[in-house]
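Asker: Each residue of the sequence shown is one higher than the one before, starting from 32 at the first, in our numbering.
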Amino acid sequence: MKLVKTLSAIAVVAVLAACSNSAKKEEPIVKSEKTVVYSCGKKPVKVVYQFEGKEAVEAQVSLGKKVIAEGLQRDTAQKDFTSFASDKYTWNVDTGFTLDNTTEVDAVMLTQKGKKSDKILAKNCSINAKATAKANQ
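(1) Tell me whether residue 66 sits in a helix, a strand or coil according to DSSP, three-state version.
(2) Let me know if residue 104 comes out buried or exposed under the rule of 16 or more other beta-carbons within 10 Å of its beta-carbon.
(3) Whole angstroms is fine: what's the gap from residue 151's alpha carbon to residue 57's?
(4) Going by other Cβ atoms of all chains shown within 10 Å of its Cβ, with 16 needed for buried, is residue 81 buried or exposed?
(5) Pull up the distance between the alpha-carbon of residue 92 and that of residue 111, whole angstroms please.
(6) For residue 87, count neighbouring C-beta atoms within 10 Å of its own C-beta (all shown protein chains included) and say buried if the count is 16 or more, exposed if not.
(7) Confirm the yes/no value for this check: CB of residue 156, any heavy atom of the ligand NAP, distance under 7 Å.
(8) Closest by CA to residue 125, which one among 119, 131, 137 and 64?
(9) Assign residue 155 to one of three DSSP states: helix, strand, or coil.
(10) For the alpha helix (DSSP H) containing residue 77, name the first residue and the last one.
(11) Is DSSP giving residue 133 helix, strand or coil here?
(12) In chain order, what residues of the same chain have a beta carbon less than 6 Å from the beta carbon of residue 163, not counting five sequence neighbours either side?
(13) Considering just the uninterrupted stretch of the alpha helix (DSSP H) at residue 161, what are its terminal residues?
(14) Exposed or buried, which one is residue 167 when buried takes at least 16 other CB atoms within 10 Å?
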């Protein structure tokens, strides 16, 4: 009788152990933030990027000292370049933009959407390495 109870207990433990191991443990997505300062002609543009893992998912753009576009979401449908957009603004960065190369990839253009045509607010932006390093301290 004791043998039956012992074997039953062992079987229950084995089944429970198998169930607990079969569930995949997902790695938590690491969220991070990085600031990049660009020189767009004579206009300084500061962008705070939000990342999930190595993928950029959101941007906040400041033109001069004023935040003009918050919550720009990554437009994954855009394949020609990395694009962040809202209903009023679009911020485009060169292709291949990730957390690893944030301070190496230049920006293309910031536009404000209009009824008939979009207005270019900044274009041909290059990274201001000194200001970017200071912003990320």
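We treat Cβ as the ideally placed atom computed from N, Cα and C, and that holds for glycine.
Answerer: Looking at the coordinates:
(1) Here residue 66 is taken as the residue at index 35 of the sequence shown, counted from 1. If DSSP states are grouped into helix, strand and coil, residue 66 belongs with the strands.
(2) Residue numbering aside, residue 104 sits at position 73 when the sequence shown is read from its first letter. Sixteen is the threshold: since fewer than 16 other Cβ atoms of the shown chains lie within 10 Å of the Cβ of residue 104, the residue is exposed.
(3) Looking up residue 151 in the sequence shown gives position 120. Looking up residue 57 in the sequence shown gives position 26. One C-alpha to the other measures close to 42 Å.
(4) If you number the sequence shown from 1, residue 81 lands on position 50. With a threshold of 16 other beta carbon atoms within 10 Å, residue 81 meets it and is buried.
(5) Your numbering for residue 92 matches position 61 in the sequence shown. Your numbering for residue 111 matches position 80 in the sequence shown. Cα-Cα distance, rounded: 21 Å.
(6) Within the sequence shown, the letter at position 56 stands for residue 87. Under this definition residue 87 is a buried residue.
(7) Here there are no bound small molecules, and the ligand NAP is not part of this structure.
(8) Residue 125 sits at position 94 when you count from the first residue of the sequence shown. When the alpha-carbon of residue 125 is set against those of 119, 131, 137 and 64, the nearest one is in 137.
(9) Taking the first residue of the sequence shown as position 1, residue 155 is located at position 124. Reduced to three states, the DSSP call for residue 155 is strand.
(10) Here residue 77 refers to the residue found at position 46 when the sequence shown is read from its first residue. Bounds of any alpha helix (DSSP H) do not take in residue 77; it lies within the beta strand (DSSP E) bounded by 74–83.
(11) In the sequence shown, residue 133 corresponds to position 102, counting from 1. In the structure shown, the three-state DSSP call for residue 133 is coil.
(12) Looking up residue 163 in the sequence shown gives position 132. Counting only residues of its own chain and dropping the five nearest sequence neighbours on each side, residue 163 has a CB closer than 6 Å to the CB of 67, 68 and 134.
(13) Here the question's residue 161 lines up with position 130 in the sequence shown. Counting along the chain, the alpha helix (DSSP H) containing residue 161 begins and ends at 160–166.
(14) Taking the sequence shown and counting its residues from 1, the one referred to as residue 167 is at position 136. An exposed status is given to residue 167, since fewer than 16 other beta-carbon atoms sit within 10 Å of its beta-carbon.
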